[in-house]
Structures are given as C-alpha cells and as structure tokens.
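Structure record follows, encoded as structure tokens.
Residue numbers (the numbering used here), protein chains in the order written: chain A, 1495 to 1740; chain B, 628 to 1098.
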C-alpha cells in the first residue's frame, strides 16, 4: 500500500471529499476519474454503488476479495484503458482466493500486452452484485441548457432503439417520475412476465440524487452509471464513469 | 429582469410610431401597414425621391428621428445594414420605447463582417438601454391599436392570445390565420436574430400582460437556455404556453442557423424543456392553431373517454380508429343512455352504440341534438365529437342554407349547455368550398372544427394532457 499516486489504497472507508478527489485529478492533469474514485464520490452523494477497493498487488487483491466477500469481480484501473473488457481487463464471478490471485495476474498481463504504454494504477476488487434488470443514468452538458440527465434500460434498448428520456437539471420529483415512465420499455420495470419488478421509487430518488450531485459539481462534464442493477427493493450502480471539464 | 415587463409596455402599446427608411422599393409596406394605427405615425427618410410617395400616404416625413417634435414609443428601422449603427444610436438618443430592426443580412448570413455588425448594434443598444427587437424580423402586431406589419392583418379588440415568433413569416401567417379559426390575437412579435431582446424577454412580457391569456411560441434557438428554462417554468404555470420548435430534425436544425443565426441545441433537450416546464409541444402552425382552438373554446376535462357521432357507417369506423389511435377510449354507454336512445333513434343502417352512426336520423335535427345530449350526459363519456359530413348532407339534398344555419345554431345551444369538451370535424371530401362555409359558421359560434378526424383527435388529446397536468 502507499505507493498509489492518489494517496494510499482507496477503500470506501477513506473519506476524501468529492472536491478533493476532483481537485487531485485535475492537479494531475486528468479529466477522467477512475472507477474507484467515481464510486467513492457517488457514495458520498448517497448513491449506492458496489463496494470497491483498489489493489496494487496480488496479496492486496486476495485480502480485499476476502473482506468484501466472494464471488468477486476484478477490473483493471488505468486512465488510458477505456474499454476494459475488450482487452481482457475484467474478470467476473471469482469464487476462491486462488481464482482471485490468478485473475489478478491475468488482468495485469492483458493490460501490459494490449497497451504496454498505459499507466496502470492497479486492479479494482468488488463483490459480484446479483444480476437484475439493468438501467442506466447518464449526464451530459447541452451547450444551451447545461447539464441534462438521461435515463434508459441497459444494453440494446439504449444503444439500438434509443429508448431513453431526457430532463434538464435540476429535476423535480415530477420530472423523475415522468422520465422513468416515459420510456417504451417501462413495462419491463414493472415486472413483465414474472420478472422481478424494479423499485421505481428508489430509481426516482436515484435520479434526484444524481441531479442534486451534478448541480453541486459544475466541474463534472459527463457521467455514466452503467449499468445500475434495479432490484425489487433497491438499486445499485455496478459501474460508474465520471469525466471532468478540462 | 422583472422590469423588462414595464420596459416593453411602450413598444407593445405605443401612442406614436416612427418608420425609418420606408421606400417605394418596399411598396411603402410599413407606412401602409400603419394606415389604421390609432396613434401618430411619422416617417424618417432622407432620399428626396421618396418624399412624394410618403406625402401621398398622408404621413409627415422628417430628415432625422431627432427632428420629430414628439416622443416616439416605437420605431421601425428599415435602413440598409451599414447605416444601422447610426440609426440605432439615434433611437437611443431619442429615447424610443422600443425599436424593431427589420433590416436583414446579419448573423444569419454567416460572414464575420456582418456578425461583427450585429455585435456592434447590440452593444450600442445595450449600452443605451434600448429595447431592440431583431434584426431580421417584423416586430410587433397589436390588433387593438392597429399596429401592424402587414396591411392584410386585421384590427380588432378583445384578443387574448399572444404569439412570439423568431420567424417573420410565421408571425404573419399565424396572425392572419388566427381569426379564421376563432383565435384572436392580443399581441404578437417577430424577433428574428435576437441580438438584444430574446424569447425570455417576450415570454416574461406576455406572461405579465393582462390581455394575454394564452401564448404561442415559434422558436429556433435561444441565447441563454437557462434563462428560457426558468422563465418558461414561471410563465407556463399561469398561462398555457404552446411551443413549436423549428429545426426539430438535424436537417431543419441546419436551416435555422442560416435563417436566424441560432444555435439550436439538441432536439431531445428541447423536448425535455417543454415537458419540464409544463408547456405544450406542437409541430406545425396548424397544430398550434388546432390545440389553441380546443383550449380556448371548450370546457376542460381530465378524462380520455370520448363519445363519437359520425354520419355514416364508414366514417363511424374511421373516426373511432383516429381517436383510439390518438390515445382515447371509446367506451360503451350506460344502459340508461341506451334506454333513452331506443324510443326515437332509427336504427335502420344506423347505430347508437359508441360510436354513433347517425345515417337516416338525418335530417331530423332534433334527433341529432338529442343524441349529442345523451352522449354528453353519459357518465362514461368525458368529451363529445360530431362529424359534420358535407358530402352526406348534400347527397340528401339537405344542404340548404337555412337548415344549415339551424344546425349550427342548435350546435351552439348544445355547446352552451354541454359541460364537457365538444368539437366538430367537418369532412370536406370534394366540396371544400361548402365545408369552409360551414367552418366559418361554426367558428362564429366559437365551436372548434377540424378538417380531419386525426387533427381533431390529436388536438383534443394534447389539450386533455395539458388539463391533466394542471389538475
């Protein structure tokens, strides 16, 4: 531990304020926050994310997985690698110390092989969240209206069918309510054909929290919570990405 | 910016108007448009060749704004672009209440030189506290005062609809069309490139204007989106605001920048803006007029169950498909209603389920009106729609003027006692002239009429969505 430029292995128990994380990223000339930083800020904003620890050695990775609970997920953490899974930088469903250790070596090797010049900060360790209906919340800035939130169901519905809704920040309760019901796939969230229904109220509150968070941090240029697993009694952001204004 | 309301009052309700630079080449369109103006009209023109033409219109001409021995509430500037900085400075010096810069060829042309010119003019106006409208626009229309920008525009009292348009054509078309649809304008403004005053300023003014009860807005882009967001939120809380966003497609978006030099922003974000502010989204001037007619001339409801009456079988199917397609329910009526129909309704080739197929109950007017009363009193029904089929009535050689007037009078009486929204669809088929004549009679009684089932259904549904949100 301690060799990490962001200041010690960032676990969720460390409470660097959002402004400090943003400030130190900017000082380093970075506009992209890594997943560990993004989730830490979001957690402080009251947005539930999977627990996450940054490991800089195999031993740290195993210890973190044991602490957070198996099965675990390992992901490469590097400001230079944007599409982690494409290069083999993500390992899911690791059920033992052995598997975690092996995955650590594989992820590091894959990163070095595909992007030898990439700056590698370590490997993030997270417990594997129980899969559920996936939704996404995105934030972008419109040149005329400022920050705008987007909501949709994950995967093909967003990418191919563009079944998404938009609202300008700040959102009211009514906006959050309407923006979820506006998408065509809304019946899926209500529990189509015996599927687990999503907790709509939690999703509404999540949108309001994101709106509030975005309003308080004008430095944030773009943000993606993708995917968010929507359960019948809560929701959790499984991956998160924040880009700062340059 | 609360004071912008009071500041624009002189320009929208002027007692004196000066036209700077009207000329033969323009057909003296500005001075001719002011022929009915209730206040004083002055001309400013330095070209001697224009003097006789101006004198022939009975207007006093001056060589400069400063020479006019009167306060000027509103100035119309139609001089060549290069002279505009000087004239705008003159308007500042004279202390005019507002100035419309008709001259075009500014930011919309896309060259740096004219962009700079627009910037210069804006700076002079801002520094001098001048309410500058435009450039590249037609300015203000106030039918009550006879303040017009086209000699074809009507003069009348009692208008209650405000129209704010980035385009001069749409302002002109809207104000010309409105009376034909029973929509009466309180004030309108075409504001073009919005170098100084922009849509939020006019929204704020119309929002506070007592004469204006409803506002239509044609917009291509805005300088300060956040200000539009907050102003629209405020204004739409008190008055219905209908928004037609020009350039809603990528291609249309490109056209806006060469039209008014606007940064248009993403179409999805404009949709979000309109929804979040509780405004009404429309996609054309026709749809704007359609929805306004319903909002102005029917009673509100928050329900979507409709009672439909068509004159023939095929149309009873078509009207039902159109209304169902727009999101309406077409429910069966109560048993009580069916018992009321039974004694008088001739069911030969006809039907009084919902939809009604009236057929040979025509030309018995009393049966038609009784049917409408039953529909409107049925507790399963939230609004009532009648098809008036011109070809069918002609076919029955029924369409003579006195019976038609009687029908319209009866419909007006029905509308008066009906507690629910009531609209008509006047189907023209091949007899468009006759259909227009019927529409005019209906409009005279403030009964909304539409030329197709789809347009009627869409307008009624948009109005209902608005009422639901207000409820």
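Glycine included, C-beta positions come from ideal geometry on N, C-alpha and C.
task: Under 6 angstroms Cβ to Cβ from residue 795 (chain B), same chain only, skipping five residues before and after it: list those, please.
output: 764, 765 and 817
Q. Near residue 1691 (chain A), what residues of its chain come up, given a Cβ to Cβ distance below 6 angstroms and the 5 sequence neighbours on each side ignored?
A. 1684, 1685 and 1726
Discussion item. Quick check: what's the CA-CA separation for residue 750 (chain B) versus residue 897 (chain B)?
Written reply: 29 angstroms
**Item:** Outcome for residue 915 (chain B) when other beta-carbon atoms lying within 10 angstroms are tallied against a minimum of 16
**Value:** When all chains shown are included, residue 915 (chain B) counts as buried.
If we cut at 9 angstroms on Cβ distances, does residue 829 (chain B) have a partner in chain A? no
Original post:
Looking at residue 936 (chain B) and residue 1014 (chain B), is the spacing between their C-beta atoms short of 9 angstroms?
Top reply: yes
>> Applying the 10 Å Cβ sphere with the 16-neighbour rule, what's the burial state of residue 797 (chain B)?
In response: buried
Requested in this report: Look at the Cβ atom of residue 811 (chain B), then the Cβ atom of residue 773 (chain B), and state whether they are nearer than 9 angstroms.
Outcome: Their beta carbons are not under 9 angstroms apart, which means residue 811 (chain B) does not touch residue 773 (chain B) by this criterion.
Would you mind sorting residue 971 (chain B) into buried or exposed? The rule is 16 or more other CB atoms within 10 Å of its CB. exposed
Legend entry - N-terminal and C-terminal residue of the alpha helix (DSSP H) that residue 1709 (chain A) is part of: 1694 to 1710
Nearest chain B C-beta to residue 1506 (chain A) closer than 9 angstroms, yes or no? Confidence in residue 1506 (chain A) is poor, its pLDDT being 42 and thus under 50, which makes the residue's placement too unreliable to answer from.
Is there a C-beta anywhere in chain A that falls below 9 angstroms from the one on residue 890 (chain B)?
Low per-residue confidence applies at residue 890 (chain B): pLDDT is 49, beneath 50, and the placement is therefore not dependable enough to give any value.
Report task. Check whether the Cβ atoms of residue 1044 (chain B) and residue 1005 (chain B) sit closer than 9 angstroms, and answer yes or no. Result -> Contact: no.
Check your understanding: Taking DSSP as the reference, what is the three-state secondary structure of residue 1141 (chain B)?
Key -> No answer is possible for residue 1141 (chain B): the residues shown for chain B start at 628 and end at 1098.
Just to confirm, are residue 1050 (chain B) and residue 1012 (chain B) a CB contact at a threshold of 9 angstroms? yes
(Q) Tell me whether the segment 1055 to 1069 of chain B and the segment 943 to 951 of chain B touch, counting them as touching only if at least three CB pairs, one residue from each stretch, are closer than 8 angstroms. (A) no
Name, going along the chain, the residues of the segment 1634 to 1653 of chain A whose beta-carbon falls closer than 7 angstroms to a beta-carbon of chain B. 1636, 1637, 1638, 1639, 1640 and 1642
Under 8 angstroms by Cβ, that's how I've got residue 1604 (chain A) and residue 1582 (chain A) pegged, so tell me the actual separation to the nearest angstrom.
4 angstroms
**Message:** Strictly below 9 angstroms CB to CB, what residues from chain A border residue 835 (chain B)?
**Reply:** Within chain A, no residue comes near residue 835 (chain B); the closest Cβ sits about 24 angstroms away, beyond 9 angstroms.
Item checked: Enclosing beta strand (DSSP E) for residue 1597 (chain A) [first to last residue] -> Unbroken run through residue 1597 (chain A) is the alpha helix (DSSP H), 1591 to 1608; no beta strand (DSSP E).
Exercise for review: Verify whether the separation of the beta carbon atoms of residue 1003 (chain B) and residue 955 (chain B) is less than 9 angstroms.
Suggested key: no
* Asked: residue 727 (chain B) by DSSP, collapsed to three states: which one?
  -> strand
Quick one: what does DSSP say residue 741 (chain B) is sitting in, helix, strand or coil? helix
Completely contained beta strand (DSSP E) runs for the segment 1001 to 1077 of chain B, where each covers 3 or more residues: 1010 to 1016 and 1049 to 1054
Next item on the list: Can you give me the Cβ contacts of residue 1597 (chain A) inside the same chain, cut-off strictly under 6 angstroms, excluding the 5 residues immediately before and after it?
Entry: If we look at residue 1597 (chain A) and ignore the five residues flanking it on each side, its Cβ neighbours are 1568, 1585 and 1588.
Expected contact under 8 angstroms - CB spacing of residue 727 (chain B) and residue 699 (chain B) to nearest Å: The Cβ separation is near 12 angstroms, so there is no contact.
- Task: Thinking residue 907 (chain B) and residue 918 (chain B) are a contact (beta carbons under 8 angstroms), I'd like their distance in whole angstroms, please.
- Result: That belief holds up - the Cβ atoms of residue 907 (chain B) and residue 918 (chain B) are roughly 6 angstroms apart, short of 8 angstroms.
So what does DSSP say about residue 1528 (chain A), is it helix, strand or coil? coil
With a threshold of 9 angstroms between beta carbons, is residue 933 (chain B) in contact with chain D? No chain D is part of this structure, whose protein chains are labelled A and B.
message: I need the boundaries of the alpha helix (DSSP H) containing residue 683 (chain B), first residue and last residue.
response: 678 to 683
- Item | 9 angstroms Cβ cutoff, residue 994 (chain B) in contact with chain A | no
Could you work out which residues of chain A lie near residue 1098 (chain B), taking near to mean beta carbons separated by less than 7 angstroms? In chain order: nothing, as chain A lies at least about 13 angstroms away.
**Q.** 8 angstroms contact criterion, which residue 1095 (chain B) and residue 929 (chain B) should meet: CB distance rounded
**A.** 5 angstroms
Any Cβ of chain A within less than 9 angstroms of the Cβ of residue 853 (chain B)? It does: the Cβ of residue 853 (chain B) has a partner Cβ on chain A nearer than 9 angstroms.
Exercise. Of all the residues that make up the segment 840 to 852 of chain B, which are near chain A by a beta-carbon distance shorter than 9 angstroms?
Worked result: 848, 849, 850, 851 and 852
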